[in-house]
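Before any comments, here is the structure.
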Amino acid sequence: MFGISNSVKSREVRECTPDLFRRVVRSERVARICAEIEDALEKVRRGEMSKEDFEVSKAELKKQLPIFTPHATFRNGRRLNAEAIPSGLSMYDIDHIDNPRGLFEERIAAHVTEWGVVLAHVTPSTEGLRLFFVMPEGASLAEAQKWMSGQLGDKEYDQSVKDYARSSFAVPEYYILYMDEEGLFKKRESAMREAVTSYQLQATSAMQADSAALVAGSSSLVADSLVADNFKGIPYADIISEWFRLSGGEPVQGERNDKLHRLASHLRYIADNDEVLMLSTMPRYGLSEEEMRGLIHSACTAKFYSMPKVMQEAVRRALQAMSYKLQAMSGAATGYKLPATSTMQGDSAALVADSSSLVADSLVAASLPPALPKRLPALVKLLLSRTPDLYRPAVAHAVFPALAAHLWRVRFRYIDNVEHEATLMNVLMAGTGAGKDCISEPINRIMADVRRRDEDNLQREREWKNEVNSKGANKDKRARPEGLVIQEIDADMTNPAFVMRTAEADGHFLYTKLNEIDQFDALRGSGHGGQQFQIMCLAFDPGNRYGQTRVGAMSVTEKVTIRFNWNAATTIQKGKRYFSHVLTDGPISRINFCTIPEREIGAEMPVYGSYDANFNEELRPYIENLTRATGLVDCPQAYKLAVKLKEENAEFARLSQSRVYENLSFRANVIAYLKACVLYVANGYRWDKTMEEFVRWSLQYDLWCKMEFFGSAIEEAQTMGAETGRRTPGRRSLLELLPEEFTLADAVRVRQAEGMDAEGTGAMLRQWVHRRYVTIVTNDKYRNVKKLKIKN
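Residue numbers (full-length UniProt numbering): 1 to 792.
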């Protein structure tokens, strides 16, 4: 059996079945992409496109195609040579031919059985022919290639096709010239055993030959890098291009040696110090192979430090660019659809079948928020029922402050034994023109009953003010009416007015929706200001006290407990600036963040459903359940889930060694717990399984946004400007980046690649041993006994 994956960037591979194979080659997406490549080739032939532009366009289009891995399937579903389970098949390419179909009929068709050919098809470029064939008994991949070249009389064959992780791009069914389905999907146990032995010998030999150029102790991680053309899914070419942009551009005459030596000195940190890999990866700019070998060897034998800042930034930028491309690819038909991390892990077959989806590797997954679960709690499902898919994740978060504002004197006991009211604050951060107003209509429907009651009390207040203002200064004036509970406040309300409204609310939540986050500045107070951030923090904290004391008889003098739920929207840049002075002061961890992905340029406009009387009627019972609730509410399922999520967060923090992630996760877990309790009460004190899945997603999404928008800035602020370098904001499990058996040097290198210091490696390994994530094999070698699948 061989493997299948959703893109060449992905390392997630599953076993290819006949059904999956047929679905892929018959998918409209594969046909469309190959048709675009063929159209571009026609433009070249007509002189309307240069050959260089065609090659660039072809490469980008091919990245969108699903792939097969004909040489192997892979343990743990990861496309790594070290985890290959050989299939007994080999792939042979004949490139740069004008008539692939004619060549097949003339030279190959009569020999398919004799040569063991099980699949033959035209390549996506339409200028090549690809064969899958059964390897001769006992042959290695390299020997099988050489054998087939002899049958074809092909002296110019591609000798690099000897990698078990090598991929083959999918093509439409009508590109297929021959297929022996039984032979293609047959399991070949003996051939697999011999191929395993052969490959292990080759890998061992290659590693021994190049051992002088490797960092001490790194051999266990090198097997895959010997033939890899990417770093964690990012093509080296893309990283090098970004590196040149950050380093003043490509080298010119007179600086080639110095600049290429500097590039090699930086590239070694993401190439495992592998001179062979770097020689095949680096551009030469006219230097001979001997000169390149010399400067690469010089760079690789220098002392090893932590990864240079420039290379860290180049990797980050290349990742970001690749992420944007993936977003555009996956949104070609419907605007944009976020791939689900959980779906990638649990439902690979559906992903391959769905021609609009992409499976990204762990790095790309870290750059995209987790996708909304397919099964939703009934209330959430209703509130999203009129919302276009693009906006649904944002709306799913944004509705909770308004829902929770209906609770009055309702408390929930958190896992630390502290009672919380459902204080929920949400900030939607998205690009200009992203559609941030998508949250307005669902919130309007939720707040309709509150606004009706507010209007009655506002009318009473207006009548009182008119009466007071109509009397002279020395006339007796009626006292301010009692029971003026006005929950929804104006966005530009001053601090004294806020205190007064809170005092009169009699324990009800205040609520407001801000079109821009900086409207909060009206609450900043006099003097040095900053009270708006204090209000954000106090609102979240149980039993808070806030107020003001004034001398004037008509001034507001009150001490209150802040109960304030709110929504705000902002652009990403403005949001980062707004919170930049309070990164470590608490507001960010207390707020629930969400975002809207950027749409593809020219995508169709999202269309909303109608919020009609039927919608209002369906919503009414949930709102009534919230308004009727009172006292201390016990939801055992939410409590149990909070404990579980707290442990999952702690485990990921230990594995990622991210202090920022750990700190943000504490209050993020409280927010998720309060959402679970709100759903439980709104559903008539009934729990269902969809709530657990939704709340877990909500927590992961919130943490993703916080790490994406503020992670690096918080880390830099916490280290007070220390030399920490630019780090990828989303964290990954370091344990997942290490092989099944690894050395201390491997662990050091992985930490450094993630922007961490080497000094903390010992403490990290001791903790892993204590937690039984790893066991000690020898003094310097460890075995990974717990492969965790972390959802970011």
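Built from N, CA and C at the ideal position, the CB exists for glycine as well. Fair warning: this is a prediction, and the values are worked out from it, not measured in the lab.
Could you give the residue range of the beta strand (DSSP E) that holds residue i?
{"i": "Phe-400", "result": "That residue, Phe-400, is in no beta strand (DSSP E); its alpha helix (DSSP H) goes 400–404."}
{"i": "Asn-426", "result": "425–429"}
{"i": "Leu-177", "result": "176–179"}
{"i": "Tyr-92", "result": "89–94"}
{"i": "Val-410", "result": "410–413"}
{"i": "Ile-85", "result": "84–86"}
{"i": "Phe-68", "result": "67–69"}
{"i": "Leu-734", "result": "Not the beta strand (DSSP E): Leu-734 falls in the alpha helix (DSSP H), residues 734–737."}
{"i": "Leu-632", "result": "631–633"}
Out of curiosity, what's the CA-to-CA distance linking residue i and residue j?
{"i": "Leu-458", "j": "Cys-594", "result": "33 Å"}
{"i": "Arg-411", "j": "Ser-665", "result": "22 Å"}
{"i": "Ser-440", "j": "Ala-603", "result": "22 Å"}
{"i": "Ile-776", "j": "Glu-759", "result": "19 Å"}
{"i": "residue 799", "j": "Met-179", "result": "Residue 799 lies beyond the stretch modelled for the chain, which goes from 1 to 792, so this question has no answer here."}
{"i": "residue 794", "j": "Asn-614", "result": "Since the first residue shown for the chain is 1 and the last is 792, residue 794 is missing from the structure and cannot be characterised."}
{"i": "Ala-264", "j": "Met-278", "result": "7 Å"}
{"i": "Ile-535", "j": "Gly-631", "result": "25 Å"}
{"i": "Trp-566", "j": "Ser-125", "result": "54 Å"}
{"i": "Glu-181", "j": "Thr-69", "result": "16 Å"}
{"i": "residue 794", "j": "Tyr-685", "result": "Missing from the structure shown is residue 794; the chain here goes from 1 to 792 and no further."}
{"i": "Gly-116", "j": "Leu-428", "result": "58 Å"}
{"i": "Gly-507", "j": "Thr-432", "result": "37 Å"}
{"i": "Asp-688", "j": "Ile-623", "result": "18 Å"}
{"i": "Leu-744", "j": "Arg-783", "result": "11 Å"}
{"i": "Arg-107", "j": "Gly-153", "result": "10 Å"}
{"i": "residue 800", "j": "Gln-573", "result": "Residue 800 cannot be examined here, being either before or after the span of the chain that is shown, 1 to 792."}
{"i": "Ala-302", "j": "Phe-694", "result": "50 Å"}
{"i": "Lys-9", "j": "Leu-65", "result": "10 Å"}
{"i": "Thr-73", "j": "Arg-79", "result": "8 Å"}
{"i": "Asn-669", "j": "Asp-437", "result": "27 Å"}
{"i": "Tyr-611", "j": "Arg-130", "result": "54 Å"}
{"i": "Ala-499", "j": "Leu-737", "result": "A small correction: the amino acid at residue 499 is Val; Ala does not occupy that position in the sequence shown. Taking the straight line joining both Cα atoms gives about 52 Å."}
{"i": "Leu-523", "j": "Thr-512", "result": "13 Å"}
In this structure, does DSSP put residue i in helix, strand or coil?
{"i": "Thr-743", "result": "strand"}
{"i": "Lys-513", "result": "strand"}
{"i": "Arg-783", "result": "strand"}
{"i": "Gly-153", "result": "coil"}
{"i": "Phe-74", "result": "strand"}
{"i": "Pro-308", "result": "coil"}
{"i": "Glu-173", "result": "helix"}
{"i": "Tyr-546", "result": "strand"}
{"i": "Val-315", "result": "helix"}
{"i": "His-770", "result": "helix"}
{"i": "Leu-131", "result": "strand"}
{"i": "Ile-776", "result": "strand"}
{"i": "Asn-444", "result": "helix"}
{"i": "His-420", "result": "strand"}
{"i": "Ile-439", "result": "helix"}
{"i": "Phe-231", "result": "strand"}
{"i": "Glu-461", "result": "helix"}
{"i": "Ser-168", "result": "strand"}
{"i": "Glu-15", "result": "strand"}
{"i": "Glu-488", "result": "strand"}
Compute the beta-carbon to beta-carbon distance between residue i and residue j, rounded to the nearest angstrom, for a pair I have assumed lies under 8 Å.
{"i": "Arg-268", "j": "Ala-299", "result": "6 Å"}
{"i": "Val-30", "j": "Ala-170", "result": "5 Å"}
{"i": "Lys-58", "j": "Ala-40", "result": "7 Å"}
{"i": "Asn-444", "j": "Ala-398", "result": "No, Asn-444 and Ala-398 are not in contact; Cβ-Cβ is about 12 Å, not under 8 Å."}
Between which two residues does the alpha helix (DSSP H) holding residue i run?
{"i": "Leu-538", "result": "531–540"}
{"i": "Val-678", "result": "659–682"}
{"i": "Ser-5", "result": "Not the alpha helix (DSSP H): Ser-5 falls in the beta strand (DSSP E), residues 3–5."}
{"i": "Thr-502", "result": "495–504"}
{"i": "Asn-81", "result": "Looking at the DSSP string, Asn-81 is not in any alpha helix (DSSP H), and its letter there is neither H nor E."}
{"i": "Arg-620", "result": "613–628"}
{"i": "Val-252", "result": "Premise fails: Val-252 is in no alpha helix (DSSP H) and is neither H nor E."}
{"i": "Arg-32", "result": "28–45"}
{"i": "Tyr-236", "result": "236–246"}
Cβ of residue i within 6 Å of any heavy atom in the ligand HEM?
{"i": "Asn-625", "result": "This structure lacks the ligand HEM, and indeed carries no ligand of any kind."}
Item to complete: Jot down the residue ranges of each uninterrupted beta strand (DSSP E) in the region 558–611, minimum 3 residues, whole runs only, in chain order.
Response: 558–560, 564–570 and 592–595
Practice prompt. Run through the region 686–713 for me and flag every whole alpha helix (DSSP H) of 4 or more residues, listed as ranges in chain order.
Written response: 689–706
Practice prompt. Kindly provide the ranges of any beta strand (DSSP E) runs that are 3 or more residues long and lie completely inside the region 95–124, ordered along the chain.
Written response: 117–122
Fill in: Length-filtered (4 minimum) alpha helix (DSSP H) runs lying within the region 263–306
275–281 and 289–300
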